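Number of protein chains: 4
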Amino acid sequence: MTTTAFIGLGAMGFPMAAHLARQAQQQGGPALVWNRTPGKSEAHAAQYGTVGASLPEIAQADLLFTCLPTSAEVEEVMAQLTPHLKRGLIWVDCTSGHPDAARRQRTQLAERGVSFLDAPVSGGTGGAEAGTLTVMLGGPAGEVEAVRPHLAFAGKAVHVGDTGAGFAVKAINNVLLAVNLWAAGEGLAALARHDVNVSAALEVINASSGRSNASQNLIPQRVVTREFPCTFALGLLAKDCGIAVDVVNGVGGSAPLLAQTAALFRAAATAIGAGADHTAALKLIEQMNAQEIK
Amino acid sequence: MTTTAFIGLGAMGFPMAAHLARQAQQQGGPALVWNRTPGKSEAHAAQYGTVGASLPEIAQADLLFTCLPTSAEVEEVMAQLTPHLKRGLIWVDCTSGHPDAARRQRTQLAERGVSFLDAPVSGGTGGAEAGTLTVMLGGPAGEVEAVRPHLAFAGKAVHVGDTGAGFAVKAINNVLLAVNLWAAGEGLAALARHDVNVSAALEVINASSGRSNASQNLIPQRVVTREFPCTFALGLLAKDCGIAVDVVNGVGGSAPLLAQTAALFRAAATAIGAGADHTAALKLIEQMNAQEIK
Amino acid sequence: MTTTAFIGLGAMGFPMAAHLARQAQQQGGPALVWNRTPGKSEAHAAQYGTVGASLPEIAQADLLFTCLPTSAEVEEVMAQLTPHLKRGLIWVDCTSGHPDAARRQRTQLAERGVSFLDAPVSGGTGGAEAGTLTVMLGGPAGEVEAVRPHLAFAGKAVHVGDTGAGFAVKAINNVLLAVNLWAAGEGLAALARHDVNVSAALEVINASSGRSNASQNLIPQRVVTREFPCTFALGLLAKDCGIAVDVVNGVGGSAPLLAQTAALFRAAATAIGAGADHTAALKLIEQMNAQEIK
Amino acid sequence: MTTTAFIGLGAMGFPMAAHLARQAQQQGGPALVWNRTPGKSEAHAAQYGTVGASLPEIAQADLLFTCLPTSAEVEEVMAQLTPHLKRGLIWVDCTSGHPDAARRQRTQLAERGVSFLDAPVSGGTGGAEAGTLTVMLGGPAGEVEAVRPHLAFAGKAVHVGDTGAGFAVKAINNVLLAVNLWAAGEGLAALARHDVNVSAALEVINASSGRSNASQNLIPQRVVTREFPCTFALGLLAKDCGIAVDVVNGVGGSAPLLAQTAALFRAAATAIGAGADHTAALKLIEQMNAQEIK
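Same order as they appear, the protein sequences are chains A, B, C and D.
Its first residue numbered -5, the first sequence is counted upward by one per residue in the working numbering.
Its first residue numbered -5, the second sequence is counted upward by one per residue in the working numbering.
Its first residue numbered -5, the third sequence is counted upward by one per residue in the working numbering.
Its first residue numbered -5, the fourth sequence is counted upward by one per residue in the working numbering.
Below you can see the structure in the form of structure tokens.
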């Protein structure tokens, strides 16, 4: 009987923990949850039959999932858990974390007989609710395969490399999202100034070679509507872009376009607000062009 | 009875003219073709029953399509046609041309009672053969609607704005293709240096938010395979990026990411070769990172 | 006896025309002046003994200098002058103009027996008053040498190439000013966020390898003091950066850093105001970093 | 009587240690030197009367200077020195190091009663030989003032902030050098393609607002002459640019121009060679433009 635990009941973690709980309950194992603000774990317990637990109780689970804003929060919670950790525990970190932190954490946890895998997810809150997230796994193949059957929230899980590789791929995915989004914003702002209808332009681009997830989904649904619903914060995407730049620099690589994009998203997070939706970065483009994208 | 004519039987134009010819023949009208190298028109005539014609004969058509490398070639052919042009002819230019040229050409042709629409296409040689191209039409609504039934090579045709708007949207689409392609190349080169498997990384990115036509189709099919089949030349994409920059600057816009991308593609066309496939631009990234993307 | 004329009595032109007038008077020749707002020419006449003249009178001079905001204004005034131009007149355009305009204007004026040289100046209002401007001359060597003795406002005059080369060099000079200024702004903003004293940082940079005219003069005198005195408008520098990008693209060149800088100055002119001093571009950096540079 | 020690007799350190030795000898104190390759310390001892010493002997000095390629080499030598370090020793690190390393080293050394100041230098091998280097000091004011009289190799020494601030300012200075150099290279390559004489263009730029140390000294002396004499390696400047990017990112700053420059210098170090002179970065621009800068 496997005890599953989940730390971090945010917009992503809350539904992810529900999928894990459902699977655990089918297999007769308990599902523990913890959140910094206890109200969230009470709500989760009421809604999904999970058990709100203390960190020392969490530390006795067999399988621990974390999904927190950044690796810094993972390190904080790790400092509190460490004295209590059960040998043999497998820690699956779904945070969009930093590859350097993954390597450090794996080394420190190994000293206590605990395994650590980086397993960030993509698919947004919609994918988390539907249980169709894409998981990018970093770590030794054997440990990855052992964890794979437990990823109840996943539609696809791919082993991309050694420890840290999952975080690295996630960071690159997110900086590509940022590039594709920003570039489309620049192009559409210019077309709008030419009195081209933005929706007509999107229609043809999305039937053409320049299309991306940003042009197909994000801009029509969030920018052109002027809704900018906050499901993924601009400050977090700016942080992910910074990790991507570290990934490039960490191997002595050269990525001028990614570097510039990371700087522009940092500027947008500062000028527009880190708490806005990530698509609100395009408001900085609008200021730079005195032109709304709609 | 409508006489249709087509100038420019290149990789795109050859199958496009075939679709037009088929439609013309169904309606009983002749389909004339012309190409700078006459062998191409003879081959087209033999294969599709079109008629290889002289430029003065072409100038007497009702509906003239052009599909040439750049607006410069359109202006050359226009200089030769002008003395012979029939009043009332409608000229549909499918070249990936320059918006400034479109406005100039429309004005000059109007003096001779000839109408001009910019109507660039997207979809590659595959779309041209299948007759599923996306057409971006610029010009007055009435003229656009009059031409629409004749676009036998199109899967989708969208009126995006006044004269030049078609070329502007095409240029922005192509610079977005360039951005998405180059950025994915930078990110994958860094991951490869981290010993991440490039195909595994593409698999997750293509199931995630960073996906684009470049990551889903171009890089797996052309770069990772090391084939770089030349269906769209790097020099032409670099030229399109330059038009996109002109589109931005022409309205006093600011697009730092597009501007940098245009400069990098110009560098790639110079350093790698203008005649290589557009995806071979990533070979410059490989040199900058001493790392193959595979 | 040479009749000298001057069009464009702005912040630069007013003192430049004074130097020309002084030289003309020593040689016994009249010095005519014209400005779109006539009050300026009256003031100049009163102060320097020049003669406020009509455009047809100006067109009868032997030597005509223009110093206007952009080539567009030169073309406007040229349209008015053309019917009246004396054969043999030499037109020296000190505007920070566009190389394409220079070539067009030289060709058009040649048809009327009038010579045209591009001769932009550098040195600011201080240099104009002191008569120590640097002049960059474009045109045939013989015509350049014939004009050289008449450049009474110059401290240095260099023949840099054929028609348009003067404007090209001026545009490159100005985009380098823009790059050096913006980069120093980015670096100092980061240091200020690290609680490094900006003036101490400037002191060492200016004694080190990273120094430039921007770090040595502009930032200490205009930015750190928060004065931003408007002697050279941000909108004009953004325009010059755009010309520099055209210079690069016109020869199929690749200049990613200049391209990005031009885009950022265009953004600054839009977001901060085209009429502010060019150093006020750094206020956009301050917004992007939530940090004053002082 | 003060015992002075110097580690790192490279192109900069060799003459710097000579100035320190001269001052020490005047004051009657011994001057010890150490280098990884012992031949260098023997040559220094023979030439300047210094004493080649072992690392344990060095660790007993009162004042220790280090001047090594990067903070990594400083950390290696620190690991060897640490067991032997005399309490009260003051360690002045003239390496172009990393601010994070400075803070880490200061903390670790403080545990052993040893003080650490970051004190990078600018001025090149010429300044080192002449004893006119500019020193950027980071650390508490009292310790900085105590060290100031001993900086025999300095023409100017400025206290720029707390621990790490010296390294931060040095990194920003060097990335500004990189920006100014690269931008001038891009601009001159474009002018050369326009058949403008590069030396004439440099002459006017250097008398105008776009001038910088790069345009005034480096490019005329090293690039236009095609000599590229290696006094400061491209790989080291690329490393410094990387530190500058870390300085920006460490405070959540946005510096798109510096970020792009760092990526381009990393590409140049990879494509041209890390061991070439830093000005040889412009050879990558030459490849991107198919144009020599001369």
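No residue lacks a Cβ here, since even glycine has one placed at the ideal position from N, Cα and C.
These numbers were taken from a predicted model, which means no experiment stands behind them.
### Query
Using a C-beta to C-beta distance shorter than 8 Å, which residues of chain C count as neighbours of residue 248 of chain B?
257, 258, 260, 261 and 264
### Task
Check distances from the C-beta atoms of the stretch 168 to 186 of chain B to those of chain C and list, in chain order, the residues that come in under 8 Å.
none
### Query
Measuring CB to CB, does residue 163 of chain A end up less than 9 Å from residue 195 of chain B?
yes
### Query
Between B/37, B/43 and B/261, which lies nearest to residue 14 of chain B when the distance is taken from Cα to Cα?
B/43
### Query
Counting Cβ pairs, one atom from each stretch, are 3 or more of them under 8 Å apart for the stretch 125 to 132 of chain D and the stretch 145 to 160 of chain D?
Enough Cβ pairs lie closer than 8 Å, so yes.
### Beta bridge counterpart(s) of residue 26 of chain B as assigned by DSSP
B/-1 and B/45
### Query
Name the chain C residues that come within less than 7 Å of residue 284 of chain A, Cβ to Cβ?
264
### Task
List the endpoints of the continuous alpha helix (DSSP H) containing residue 13 of chain C.
7 to 20
#### Entry: The alpha helix (DSSP H) enclosing residue 241 of chain A, as first and last residue numbers
228 to 244
### Query
Excluding sequence positions up to five away, which residues of its chain have a Cβ less than 7 Å from the Cβ of residue 255 of chain D?
169, 172, 173, 176 and 235
### Query
Sorted by chain position, which residues of the same chain lie with C-beta nearer than 6 Å to residue 74 of chain B's C-beta, five sequence neighbours on each side aside?
49
### Query
What are the partner residues of residue 132 of chain D, as DSSP defines its beta bridges?
Answer is D/112 and D/155, bridged to residue 132 of chain D.
### Same chain, Cβ closer than 8 Å to residue 221 of chain C, neighbours up to 5 away in sequence not counted
215
### Message
Per DSSP, what are the beta-bridge partners of residue 85 of chain A in this structure?
### Response
A/58 and A/110
### Task
Excluding the 5 residues preceding and the 5 following residue 192 of chain A in the sequence, name in chain order all residues of the same chain whose CB lies nearer than 8 Å to its CB.
182, 185, 186, 218, 287 and 288
### Query
Mind pulling the chain D residues with CB within less than 7 Å of residue 197 of chain C?
152
### Query
Exposed or buried, which one is residue 105 of chain D when buried takes at least 16 other CB atoms within 10 Å?
exposed
#### Entry: Counterpart residues of residue 206 of chain D in DSSP-defined beta bridges
C/206
### Message
Taking the alpha carbon of residue 35 of chain B as the reference point, which residue from B/189, B/7 and B/204 has its own alpha carbon closest?
### Response
Nearest C-alpha to residue 35 of chain B: B/7.
### Query
Applying the criterion that 16 or more other CB atoms from any shown protein chain within 10 Å of the CB defines a buried residue, is residue 77 of chain D buried or exposed?
Looking at its Cβ environment, which holds fewer than 16 other Cβ atoms inside 10 Å, residue 77 of chain D is exposed.
### Message
For the stretch 196 to 208 of chain B against the stretch -4 to 3 of chain C, do three or more pairs of beta-carbon atoms, one drawn from each stretch, fall closer than 8 Å, so that the two count as touching?
### Response
no
### As assigned by DSSP and simplified to three states, the class of residue 149 of chain D
strand
#### Entry: Same chain only: Cβ atoms within 6 Å of residue 62 of chain B, ignoring 5 sequence neighbours per side
Excluding residues within five positions, the ones whose Cβ falls inside 6 Å are 2, 68 and 89.
### Task
List the residues of chain A whose Cβ lies closer than 8 Å to the Cβ of residue 275 of chain D, in chain order.
Near residue 275 of chain D there are no residues of chain A at all, since even the closest Cβ is about 12 Å away, more than 8 Å.
### Query
If we count the other Cβ atoms within 10 Å of its Cβ and call it buried at 16 or more, is residue 229 of chain A buried or exposed?
So residue 229 of chain A ends up on the buried side.
### Query
Nearest to residue 244 of chain D by alpha carbon, out of A/82, A/257, A/245 and A/251?
A/257
### Task
List the residues of chain D that residue 254 of chain B touches, going by C-beta distances under 8 Å, in chain order.
254
### Query
How should residue 333 of chain D be labelled, buried or exposed, when 16 other C-beta atoms within 10 angstroms of its C-beta is the threshold for buried?
Nothing can be reported for residue 333 of chain D, as the shown portion of chain D is limited to -5 through 288.
### Task
Alpha carbon to alpha carbon, how far is residue 227 of chain C from residue 259 of chain C? Give it in angstroms, no decimals.
Straight-line Cα distance between these residues: approximately 11 Å.
### Message
What does DSSP give as the partner residue(s) for residue 79 of chain D in the beta ladder?
### Response
Answer is none; residue 79 of chain D lacks a bridge partner.
### Query
Helix, strand or coil: how does DSSP classify residue 290 of chain C here?
Outside the displayed range of chain C (-5 to 288) lies residue 290 of chain C, so it cannot be described from this structure.
### Task
Kindly indicate if chain A contains any beta-carbon less than 9 Å away from that of residue 65 of chain B.
no
### Query
Starting from residue 103 of chain B and walking both ways along the alpha helix (DSSP H), at which residues does that stretch end?
Residue 103 of chain B -> alpha helix (DSSP H) spans 93 to 104.
### Query
Since residue 266 of chain B is in the alpha helix (DSSP H), which residue starts that stretch and which ends it?
From DSSP, the alpha helix (DSSP H) with residue 266 of chain B extends over 250 to 266.
### Message
Between the alpha carbons of residue 252 of chain D and residue 266 of chain A, how many angstroms are there, rounded?
### Response
22 Å
#### Entry: Pair within 9 Å by beta-carbon distance, residue 127 of chain D and residue 84 of chain D
no
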